[in-house]
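Residue numbering for the sequence shown follows our numbering, beginning at 966 and increasing consecutively.
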Amino acid sequence: MVRGILTTTFMDFNDVGLYTQKVERRLMMGPKSFTSEDVLELHVHSGRAVISAALSALSKLPTLRPAEPGEFTRRAYLNGRLDLTQAEGLKDLIDAETEGQRRVAVRAAEGVTKQKFDKLRADIISSLAKVEALIDFGEGEEIEEGVYEDAKSRVQKVLDTIQGYLNDHRRGELLRSGIRLAIFGPPNAGKSSLLNFLAQREAAIVTPIPGTTRDILELSLDIGGLPVVIADTAGLRKTEDVVEKIGIERARKAVESADISICVLSFPEAVQQQQQRNDLGSEASSHWRELISRDNTFFLFNKSDLVDSSPMPSPSLPSDVEALRLGLLSPEPQHGSSIGDLDLIISPKLDAFPLAATTKAWKASLATGDGAEEFLEGFAEVLRVRFGMDDILSDAASPVITRSRHRDHLQSARMHLETFLEYGPDDVVFAAEELRYAANAIGKVTGAIGVEDILDAVFRDFCIGK
966 MVRGILTTTF
976 MDFNDVGLYT
986 QKVERRLMMG
996 PKSFTSEDVL
1006 ELHVHSGRAV
1016 ISAALSALSK
1026 LPTLRPAEPG
1036 EFTRRAYLNG
1046 RLDLTQAEGL
1056 KDLIDAETEG
1066 QRRVAVRAAE
1076 GVTKQKFDKL
1086 RADIISSLAK
1096 VEALIDFGEG
1106 EEIEEGVYED
1116 AKSRVQKVLD
1126 TIQGYLNDHR
1136 RGELLRSGIR
1146 LAIFGPPNAG
1156 KSSLLNFLAQ
1166 REAAIVTPIP
1176 GTTRDILELS
1186 LDIGGLPVVI
1196 ADTAGLRKTE
1206 DVVEKIGIER
1216 ARKAVESADI
1226 SICVLSFPEA
1236 VQQQQQRNDL
1246 GSEASSHWRE
1256 LISRDNTFFL
1266 FNKSDLVDSS
1276 PMPSPSLPSD
1286 VEALRLGLLS
1296 PEPQHGSSIG
1306 DLDLIISPKL
1316 DAFPLAATTK
1326 AWKASLATGD
1336 GAEEFLEGFA
1346 EVLRVRFGMD
1356 DILSDAASPV
1366 ITRSRHRDHL
1376 QSARMHLETF
1386 LEYGPDDVVF
1396 AAEELRYAAN
1406 AIGKVTGAIG
1416 VEDILDAVFR
1426 DFCIGK
């Protein structure tokens, strides 16, 4: 790299006259530049007017044109500086909003994914060479015994590795696009207050009027370094209001499609056992049971500041669905603390509710903040454990599947490898073809072969000048 100061002259927009401006020039000679080409960078003073004037002056040169989105990265790929997974990792690094996203993107951009997939493809090609040797030389030639079995053994190891990558519960895609969290529960329990607490701003309107939230409000937030797309939903209750009914139906669908959900309930109502049993109709009650029974549902009892912290007797349980709100309480709750594992505190009378043993609940006051931080820390830990984020973030040597195209090609490779293993030595021609298909599928992940049709899709979302 050669650095120097170049003084140049730009014409201003109004053609009033000429002015001079000093800029820093950085000349990077290929193949050691980012694109492997000769590159000249001009560093001007910041400010929109200065940058605009510089671009205006440069645009008057007939040999120059503005770069297309992602053009520099595309040139780096075409010149062999990057493979597709590294280019995608660079794009993810630019877009990263959380620490988890940054760490996974850096891993891909530095070539961890490329190295692992190149190794898989090399092992498949090595096995293919052995199988094709049987075809080329065939009978009458001295071929070492066990060649075909050795190829099958190596392919089995590759297949096991690919299967391990695919058995990741789509954690990489979740980390890249965001874990979908739905907040639901009865009206006035504190759902919108929870959203505002997580967002650290007044993102949702909060009033004491039931049914204030009628539509879904979504926010993308960082919880414990993980990207979470939160949906605040309408309160679930029996209503004749047409608009509110639509909101409740949307709330139900949001919970059903969420990766994880939090049911917000009123702690005072649960303690005082004063819920209105007619609050939910039979149809809504059925939906309520379905939503709270999901193994990805967790519970927050809000408004703990409105309840005396003295010990309470164990609550009696009515037969209504409201029993859940009455039963998920410790006989002697500690004010502001986590309620803990439901399997330790739930009454046997609630066996009709198929709750997962790992389900957790917390109590807090979102109004005063008492217990709120404990809830946030506990829920962040739930996210890390439930989605295995600690595993993928700590294992820097393993690739993370962050895109559906990676998964599709790996699944294709797995299918062809499984088919190969079904063939015997008498079917080496067909067996070799399956290995060739598998190697090509892996090559499409890294861009080693046949990816012209997806290049535009990969690079079009890059910012201008990258």
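The C-beta atom is built at its ideal place from N, Cα and C for all residues, glycine as well.
Along the chain, where does the alpha helix (DSSP H) that runs through residue i open and close?
i, result
"residue 1218", "1207-1222"
"residue 1266", "That residue, residue 1266, is in no alpha helix (DSSP H); its beta strand (DSSP E) goes 1262-1267."
"residue 1347", "1337-1351"
"residue 1520", "This structure leaves residue 1520 out entirely; the chain is present only between 966 and 1431."
"residue 1356", "1354-1359"
Can you list, in chain order, the residues of its chain whose CB lies under 6 Å from that of residue i, leaving out five sequence neighbours each side?
i, result
"residue 1230", "1150, 1154, 1266 and 1290"
"residue 1054", "1070, 1073 and 1074"
"residue 1323", "Here residue 1323 scores only 49 on pLDDT, less than 50, and its place in the model is too uncertain to base an answer on."
"residue 1413", "none"
"residue 999", "1041"
"residue 1233", "1268, 1271 and 1272"
"residue 1112", "1095"
"residue 1046", "1001"
"residue 1006", "991"
"residue 1263", "1227 and 1325"
"residue 1136", "1352, 1353 and 1357"
"residue 1014", "none"
"residue 1246", "Confidence is the limiting factor: at residue 1246 the pLDDT is only 44, short of 50, which leaves the residue's position unreliable, though a coordinate-based value still follows. The answer, listed in chain order, is 1203."
"residue 1216", "1149, 1198 and 1199"
"residue 995", "1001, 1002 and 1003"
What residue range does the beta strand (DSSP E) around residue i cover?
i, result
"residue 1057", "From DSSP, residue 1057 is part of no beta strand (DSSP E) but of the alpha helix (DSSP H) over 1049-1060."
"residue 1226", "1225-1231"
"residue 1188", "1182-1188"
"residue 1326", "1325-1328"
Since residue i contacts residue j with CB under 8 Å, what's their CB separation in whole angstroms?
i, j, result
"residue 1407", "residue 1162", "About 46 Å separates the two Cβ atoms, so there is no contact after all."
"residue 1186", "residue 1195", "6 Å"
"residue 1400", "residue 1089", "6 Å"
"residue 1224", "residue 1139", "7 Å"
"residue 1226", "residue 1337", "No, residue 1226 and residue 1337 are not in contact; Cβ-Cβ is about 18 Å, not under 8 Å."
"residue 993", "residue 1009", "With 8 Å as the limit, residue 993 and residue 1009 do not qualify as a contact, their Cβ atoms being about 17 Å apart."
"residue 1220", "residue 1256", "5 Å"
For residue i and residue j, I'd like the C-alpha separation in whole angstroms.
i, j, result
"residue 1057", "residue 1030", "26 Å"
"residue 991", "residue 1060", "26 Å"
"residue 1369", "residue 1142", "11 Å"
"residue 1199", "residue 1357", "35 Å"
"residue 1218", "residue 1068", "32 Å"
"residue 1114", "residue 1078", "29 Å"
"residue 1012", "residue 1192", "32 Å"
"residue 1354", "residue 1394", "43 Å"
"residue 1260", "residue 1350", "14 Å"
"residue 1098", "residue 1409", "25 Å"
"residue 1363", "residue 1328", "38 Å"
"residue 1123", "residue 1390", "19 Å"
"residue 1164", "residue 1184", "8 Å"
"residue 1129", "residue 1371", "14 Å"
"residue 1222", "residue 1144", "11 Å"
"residue 1286", "residue 1133", "Low local confidence applies: a pLDDT of 34 at residue 1286 is under 50, so the model's placement there is unreliable, with the coordinate-based value given in what follows. Going by the C-alpha atoms only, they are around 36 Å apart."
"residue 1278", "residue 1339", "The pLDDT assigned to residue 1278 is 33, lower than 50, so where the model puts this residue is not dependable, and the model offers no usable value."
"residue 1121", "residue 1402", "16 Å"
"residue 1392", "residue 1043", "38 Å"
"residue 1188", "residue 1159", "13 Å"
"residue 1359", "residue 989", "40 Å"
"residue 1437", "residue 1398", "The requested residue 1437 does not occur in the structure, where the chain is confined to residues 966 to 1431."
So, at 7 Å on beta carbons, what are the nonlocal neighbours of residue i in its own chain, with the 5 sequence-adjacent residues on each side left out?
i, result
"residue 1396", "1096, 1385 and 1388"
"residue 1117", "1386"
"residue 1076", "1051"
"residue 1190", "1063, 1064 and 1065"
"residue 1411", "1048, 1049, 1050, 1079, 1082 and 1083"
"residue 1404", "1086, 1089, 1090 and 1093"
"residue 1347", "1263 and 1325"
Within a Cβ cutoff of 8 Å, which residues of the same chain sit near residue i, ignoring the five residues on either side of it in sequence?
i, result
"residue 1210", "1204"
"residue 1127", "1085, 1375, 1378, 1379 and 1382"
"residue 1131", "1366, 1372, 1375, 1376 and 1379"
(message) Threshold first: 3 residues or longer. Then list the beta strand (DSSP E) segments lying entirely within the segment 1123-1178, N to C.
(response) The segment 1123-1178 contains, as complete beta strand (DSSP E) runs of 3+ residues, the segments 1144-1149 (chain order).
(request) Write down every uninterrupted run of the alpha helix (DSSP H) in the segment 999-1087 whose length is 4 residues or greater and which is fully enclosed by it, in chain order. (result) Runs of the alpha helix (DSSP H) inside the segment 999-1087: 1013-1024, 1036-1043, 1049-1060 and 1064-1074.
(message) At 4 residues or longer, what runs of the alpha helix (DSSP H) sit wholly inside the segment 1363-1392?
(response) List check, alpha helix (DSSP H) in window: 1369-1387.
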